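Single-structure report; data block below.
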Amino acid sequence: MYLVEEATQLADRVFQMWITAPQVARHARAGQFLIIRLDETGERVPLTISAVRGDQVRIIFMAVGKTTEHLSSMKKGDAISDVVGPLGTPSEIERYGTVVVIGGGVGIASTPIIAREAKEAGNHVIGIIGARNKDFLILEDEMTEICDELFITTDDGSKGVHGFASTVLDELCKNQKLDCVWIVGPAIMMKVTSAVTRPYGVKTFVSLNPIMVDGTGMCGSCRVTVGGETKFACVDGPEFDAHQVDFDELMSRQRTYTDEEKASLEHYHHGGCGCCGGDH
Amino acid sequence: MSGSVKDFSEVNRGLSEENAVFEALRCMNCVRPTCMKGCPVCIDIPAFIQQIAERDFAGAAATLKKDNMLPAICGRVCPQESQCEGACILAKKEKPVAIGALERFVADWERKHGMTLPEIAPPSGKRVAVVGSGPAGLTAAAELARLGHTVTVFESLHEAGGVLTYGIPNFRLPKDIVRAEIEQVKALGVEIRLNHLVGRSVSTDELLSYDAVFLGTGAGLPYFMDIEGENLNGVYSANEFLTRVNLMHADCFPEFDTPVKRGCRVVVVGGGNVAMDAARVARRLGGEVTLVYRRRKEDLPARAVEVANAVAEGVQFVCCANPVRVIGEKTVEGVECVQMEMCDLDESGRPKPSCIEGSNFVIEADVFIEAIGQGPNPLLISMLPHLDRARRGNVVVDDDGMTTIDGVYAGGDVATGAATVIWAMGSAKKAAAAIDRHLRRE
Ligand SMILES: Cc1cc2nc3c(=O)[nH]c(=O)nc-3n(C[C@H](O)[C@H](O)[C@H](O)COP(=O)(O)OP(=O)(O)OC[C@H]3O[C@@H](n4cnc5c(N)ncnc54)[C@H](O)[C@@H]3O)c2cc1C
Ligand SMILES: Cc1cc2nc3c(=O)[nH]c(=O)nc-3n(C[C@H](O)[C@H](O)[C@H](O)COP(=O)(O)OP(=O)(O)OC[C@H]3O[C@@H](n4cnc5c(N)ncnc54)[C@H](O)[C@@H]3O)c2cc1C
Ligand code: SF4
Ligand code: FES
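Line order of the protein sequences matches chains A and B.
Numbers 10 to 289, taken from our numbering, label the letters of the first sequence in order.
Numbers 1200 to 1641, taken from our numbering, label the letters of the second sequence in order.
In structure tokens form, the structure reads like this:
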């Protein structure tokens, strides 16, 4: 059992949670994730490790379906049945020079740990965090503190630059030499944003989020095509060279269980009481 | 549809007490029992069978447990026909003694009437790390604990058992039986740490700080055919399909949260036990199932009884054919296959299949499952410095299970490539004995 130490809401449908998981906290690096299973009947759900303090790790998630909704109802003192991690290959962080760390929506969750490690490696770190509007924006203070420069974008212009992260990135590319870029967000956002750096030949990483089961390279559910080759995102990634990724295939595979996900959420709301998922 | 394909309860019901005694009486208690030569863990077969004949079921259980801590599992999934039973003297004349069924009977009897533990040696003060809780890891752990060592098993999944838990379906191996036998291993003092992926949750330095290490990480890496359309929705590795159902209970979706595509028409490719399991699971999920195999039906590597069960449950076999392309827009719509012809026999005596040009045909399908084999799990073993690996990626070991790193041993599928439960257990026992010698020497 893994204890929830702190649970707070950060934005509309977005939650932050600190969980005690010593074996994860001890080894976690930027770019890695963990897998949780809430209870006996639960699904194994991957979430990025967003920060570490002592024995605890932080996750930030958007309530989009059965598991994340259930998780969002959990409070300090509640217990999660299983937490395994850190999983995945850590980000390739070196002293590149000037790096840009971009987060879109709940993808911003991944950016502080990458930005911090990049900073510690001696890079000039530029952050770009973008959201639909100012109410969806998270981790602004934390990113302000870590980054040398921080840009904020909102789709509706309610805060920062009116537009997308790609708008700002395009400007940056035009005006200075960038050495490395990380982009984390919804697949479509990563596809569009990474297209910006392609003509400039800037090394660009994206963190892919296919559907996973074990997260240890055993099932092949998470396979993605990178540079024409099949890779398992859970062990070979989740970060890959953005310019080699087949995003359309990724997006199609993410939709495999759309109908089942709806059914699961409905069952959660109408079937079980939700507070005792184990008793069915 | 036959009755048993509607649910996941065990297909084979086992022997009654009377039938077990009757069967045991057929054993001739040979002076030189050939059956034991066929058993990779050398169970004292005549002894436990005589005890059954004398109705000393508890004694029979104790005899079994001396050499095999997982008898209820082995009694169900071992390929006895090619091991002990194949070597039984009676096999030549009439039917061999049903050793597997008797083993299962005794183990089931003991579970109902209360389990007893074998003796444990005094503590040695040595710590051993075992990676993986499949049959190899469990056996090594049990043996080492009995020899007095402090054993910690690391398992990456949330349940122990390896393939016994996530791969082999309930209708062949009920999970409460797997759990009960794992509890026995724990009762010997073995600690099992779930949710620990060694190499990530535990560093290799931490691992190597134990007095000895046993690697039982199995052959969990699924192979794909590398054909067009393989990443369409609805294409599964057998590992994924079986894991979703066995470990995550997708057959009970939405009571359990993990979904699986229940195809109306399912195509499985492969011919081993894994393919039979995938096909039979797909049948139970309600699909019309076609199994495509590239050689002839008589070449199927799966156990004959599993093939027979699959046939009885309505699985269609298309032999001498091989998939070359998965057809579909976003999701699977069909599997294009090509007919194969059998050429010269290869080293193993099996025919070499080759494609017949222009013989392509399409099987309509909405789910396609690839059960074409799996390789050693590379994650941890590729992180260990100086660990020699062979061409197919498996860890190189000597007769004692020793690897090229001092104090590190390996056994089971990670060393042999995908094999069987009992071979995994046999190699783990040997390695455990060698680890014990290694620890006492120090
Ligand atoms: C390596 C990795 C790291 C991730 N990190 C985070 C994170 O830090 N915070 C976070 O909120 N989410 C993260 N995700 C996505 C997260 O795992 C899914 O949102 C989660 O599985 C939803 O579970 P659910 O049962 O609540 O929803 P489901 O019922 O499974 O799905 C509901 C909806 O969520 C979307 N969805 C489902 N699976 C995914 C997925 N894998 N990626 C993106 N969208 C999905 C789909 O639109 C779907 O319709 C990550 C995914 C991966 C693979
Ligand atoms: C579907 C299927 C059906 C089968 N049917 C039969 C049958 O009927 N009869 C038979 O005899 N054999 C059968 N087999 C083969 C048999 O199951 C295997 O040979 C046997 O399980 C191998 O045992 P093992 O302990 O080496 O590995 P596994 O059972 O694979 O166990 C390895 C364990 O190690 C864990 N692990 C891996 N890496 C790490 C790590 N880095 N850190 C922590 N944990 C890790 C895995 O999660 C897993 O639990 C079947 C196999 C399959 C897949
Ligand atoms: S070979 Fe057959 S008959 Fe002889 S002891 Fe073994 S099981 Fe009994
Ligand atoms: S999630 Fe199973 S192989 Fe990656």
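Every residue, glycine too, gets a C-beta built ideally from N, C-alpha and C.
Note that this is a predicted model, so its numbers are computed, not measured.
> Any heavy atom of ligand 3 closer than 7 Å to the Cβ of residue 1270 (chain B)?
Replying inline: By one-based count along the second sequence, residue 1270 (chain B) stands at place 71. Flag unset: Cβ of residue 1270 (chain B) not near ligand 3.
* Asked: Any beta-carbon of chain A closer than 8 Å to the one on residue 1399 (chain B)?
  -> Position 200 of the second sequence holds residue 1399 (chain B). Interface residue, yes.
If you follow the alpha helix (DSSP H) that residue 1624 (chain B) is in, where does it begin and where does it stop? The sequence position of residue 1624 (chain B) within the second sequence is 425, counting from 1. Taken as a continuous stretch (DSSP letters only), the alpha helix (DSSP H) holding residue 1624 (chain B) covers 1620–1640.
Run the CB neighbour count on residue 1232 (chain B), radius 10 Å, all protein chains shown included, and call it buried at 16 or more, exposed below. One-based indexing of the second sequence puts residue 1232 (chain B) at position 33. It is buried - the Cβ of residue 1232 (chain B) has at least 16 other Cβ atoms within 10 Å.
Margin query: Quick check: what's the CA-CA separation for residue 1202 (chain B) versus residue 1441 (chain B)?
Written below: Counting from 1 along the second sequence, the entry for residue 1202 (chain B) is found at position 3. Counting from 1 along the second sequence, the entry for residue 1441 (chain B) is found at position 242. Residue placement at residue 1202 (chain B) cannot be trusted, given a pLDDT of 49 that sits under 50; what the coordinates show is reported in the next sentence. Rounded to whole angstroms, residue 1202 (chain B) to residue 1441 (chain B) spans 21 Å at the Cα level.
| What's the C-alpha gap between residue 1220 (chain B) and residue 1255 (chain B)? | Position 21 of the second sequence, counted from the first residue, corresponds to residue 1220 (chain B). Position 56 of the second sequence, counted from the first residue, corresponds to residue 1255 (chain B). Rounded to whole angstroms, residue 1220 (chain B) to residue 1255 (chain B) spans 10 Å at the Cα level.
**Prompt:** In chain A, which residues lie with their C-beta within 8 Å of the C-beta of residue 1457 (chain B)?
**Reply:** Mapped onto the second sequence, residue 1457 (chain B) falls at position 258. Here the neighbours are 52, 53 and 222.
Along chain B, in chain order, which residues have C-beta atoms closer than 7 Å to that of residue 75 (chain A)? Here residue 75 (chain A) is taken as the residue at index 66 of the first sequence, counted from 1. Those within 7 Å of residue 75 (chain A) in chain B are 1456.
task: State the DSSP-derived secondary structure class of residue 17 (chain A), mapped to helix, strand or coil.
output: Locating residue 17 (chain A) in the first sequence gives position 8, where the first residue counts as 1. Strand at residue 17 (chain A).
Check whether residue 1454 (chain B) and residue 1395 (chain B) have beta carbons under 8 Å apart
Against the second sequence, residue 1454 (chain B) aligns to sequence position 255. Against the second sequence, residue 1395 (chain B) aligns to sequence position 196. Cβ distance not < 8 Å, so residue 1454 (chain B) and residue 1395 (chain B) don't count as in contact.
- Query: What does residue 1355 (chain B) touch in chain A if you count any residue whose Cβ is under 7 Å from its own?
  - Reply: By 1-based counting over the second sequence, the position of residue 1355 (chain B) is 156. Those within 7 Å of residue 1355 (chain B) in chain A are 93 and 225.
(request) Output the distance between the C-alpha atoms of residue 1324 (chain B) and residue 1343 (chain B), rounded to the nearest integer angstrom. (result) Numbered from its first residue, the second sequence carries residue 1324 (chain B) at position 125. Numbered from its first residue, the second sequence carries residue 1343 (chain B) at position 144. Each residue's alpha carbon lies about 12 Å from the other.
- Query: Using the rule of at least 16 other Cβ atoms within 10 Å of the residue's Cβ for burial, across every protein chain shown, is residue 1587 (chain B) buried or exposed?
  - Reply: On the second sequence, residue 1587 (chain B) is found 388 positions in, with the first residue counted as 1. Per the 10 Å Cβ criterion, exposed.
Closer than 9 Å between beta carbons: that is the criterion. Which residues of the stretch 1380–1396 of chain B meet it against chain A? 1392, 1393, 1394, 1395 and 1396
Is the Cβ-Cβ distance between residue 1300 (chain B) and residue 1224 (chain B) less than 8 Å? If you number the second sequence from 1, residue 1300 (chain B) lands on position 101. If you number the second sequence from 1, residue 1224 (chain B) lands on position 25. Contact: no.
message = So that I know if they touch, is there some Cβ in chain A lying closer than 8 Å to that of residue 1406 (chain B)?
response = Mapped onto the second sequence, residue 1406 (chain B) falls at position 207. Chain A contact via Cβ: absent.
Would residue 1547 (chain B) count as contacting chain A if we go by Cβ distances under 8 Å?
In the second sequence, counting from the first residue as 1, residue 1547 (chain B) sits at position 348. So no, residue 1547 (chain B) is outside the interface.
Please list the partners that residue 1420 (chain B) has in chain A, where partner means a Cβ-to-Cβ separation under 8 Å.
Translated into the one-based positions of the second sequence, residue 1420 (chain B) becomes position 221. Near residue 1420 (chain B) (Cβ distances below 8 Å), the residues of chain A are 226 and 227.
message = Between residue 1341 (chain B) and ligand 2, is there a pair consisting of the residue's CB and a ligand heavy atom that are separated by less than 7 Å?
response = Translated into the one-based positions of the second sequence, residue 1341 (chain B) becomes position 142. Residue 1341 (chain B) Cβ: outside cutoff for every heavy atom of ligand 2.
* To do: Using the DSSP secondary-structure output, state which residues sit across from residue 1487 (chain B) in a beta bridge.
  => Within the second sequence, the letter at position 288 stands for residue 1487 (chain B). According to DSSP, residue 1487 (chain B) bridges with B:1464.
For this session: Report the neighbours of residue 262 (chain A) on chain B: residues whose CB is nearer than 7 Å to its CB, in chain order.
Result: Taking the first residue of the first sequence as position 1, residue 262 (chain A) is located at position 253. Going along chain B in sequence order, the residues near residue 262 (chain A) (Cβ under 7 Å) are 1430 and 1432.
CA-to-CA distance, residue 87 (chain A) to residue 287 (chain A), given in whole angstroms: As a first step, residue 287 (chain A) is located in the first sequence; it is residue number 278 there, counting from the start. As a first step, residue 87 (chain A) is located in the first sequence; it is residue number 78 there, counting from the start. Residue confidence is low: residue 287 (chain A) scores 39 on pLDDT, short of 50, so the model does not pin down where it sits. No coordinate-derived value is stated.
Inset, instruction - Give the secondary structure of residue 1207 (chain B) by DSSP, where H, G and I count as helix, E and B as strand, and everything else as coil. - result: Translated into positions along the second sequence, residue 1207 (chain B) becomes position 8. Coil, per DSSP.
query = For residue 189 (chain A), which residues from the same chain have a beta carbon less than 6 Å from its beta carbon, with the 5 sequence-adjacent residues on both sides left out?
reply = Translated into positions along the first sequence, residue 189 (chain A) becomes position 180. Cβ neighbours of residue 189 (chain A) beyond the five flanking positions: 105, 108 and 212.
Check: Taking 7 Å as the line, does the beta carbon of residue 1289 (chain B) fall inside it for any heavy atom of ligand 2?
Finding: The residue labelled residue 1289 (chain B) in the question sits at position 90 within the second sequence. No, ligand 2 has no heavy atom inside 7 Å of this Cβ.
Output, in chain order, the set of chain A residues within a Cβ distance shorter than 8 Å of residue 1567 (chain B).
As a working note, residue 1567 (chain B) is residue 368 in the second sequence. Correct list: empty, because the minimum Cβ distance to chain A is about 13 Å.
Less than 7 Å between the CB of residue 51 (chain A) and some heavy atom of ligand 2, yes or no?
What you label residue 51 (chain A) is simply residue 42 of the first sequence in a count that begins at 1. Checking the Cβ of residue 51 (chain A) against ligand 2 gives no.
Requested in this report: Just confirm the distance between the C-beta atoms of residue 1534 (chain B) and residue 1562 (chain B), as a whole number of angstroms; I'd bet it's less than 8 Å.
Outcome: Here residue 1534 (chain B) refers to the residue found at position 335 when the second sequence is read from its first residue. Here residue 1562 (chain B) refers to the residue found at position 363 when the second sequence is read from its first residue. With 8 Å as the limit, residue 1534 (chain B) and residue 1562 (chain B) qualify as a contact, their Cβ atoms being about 5 Å apart.
Worksheet item: If you compare alpha carbons, which of B:1305, B:1406, B:1390 and B:1424 is closest to residue 1273 (chain B)?
Response: Here residue 1273 (chain B) is taken as the residue at index 74 of the second sequence, counted from 1. The residue with the shortest Cα to Cα distance from residue 1273 (chain B) is B:1305.
message = Taking a contact to mean a Cβ-Cβ separation below 8 Å, would you say residue 8 (chain A) touches residue 40 (chain A) in this structure?
response = Only positions 10 to 289 of chain A appear in this structure, which leaves residue 8 (chain A) out of reach.
Express the C-alpha separation of residue 227 (chain A) and residue 52 (chain A) in angstroms, rounding to a whole number.
Looking up residue 52 (chain A) in the first sequence gives position 43. Looking up residue 227 (chain A) in the first sequence gives position 218. Roughly 16 Å separates the two Cα atoms.
*Does the beta carbon of residue 46 (chain A) come closer than 8 Å to any beta carbon on chain B?*
Your numbering for residue 46 (chain A) matches position 37 in the first sequence. Chain B, which has a Cβ nearer than 8 Å to the Cβ of residue 46 (chain A), makes this yes.
Can you give me the C-alpha to C-alpha distance between residue 246 (chain A) and residue 240 (chain A), rounded to a whole angstrom? The residue you call residue 246 (chain A) lines up with position 237 of the first sequence. The residue you call residue 240 (chain A) lines up with position 231 of the first sequence. Those two C-alpha atoms are separated by around 8 Å.
Exercise. Pull up the distance between the alpha-carbon of residue 282 (chain A) and that of residue 1385 (chain B), whole angstroms please.
Key: As a position in the first sequence, residue 282 (chain A) is number 273, starting the count at 1. As a position in the second sequence, residue 1385 (chain B) is number 186, starting the count at 1. With a pLDDT of only 46 at residue 282 (chain A), under 50, the local geometry of the prediction cannot be trusted, and no value is derived from it.
Margin query: For residue 67 (chain A), which residues in the same chain have their Cβ closer than 6 Å to its Cβ, ignoring the five residues on either side in sequence?
Written below: Position 58 of the first sequence, counted from the first residue, corresponds to residue 67 (chain A). For residue 67 (chain A), where only same-chain residues beyond five positions count, the Cβ hits under 6 Å are 27, 59 and 60.
| request: With DSSP collapsed to three states, give me the class of residue 209 (chain A). | output: The count along the first sequence starts at 1 and reaches residue 209 (chain A) at position 200. Helix.
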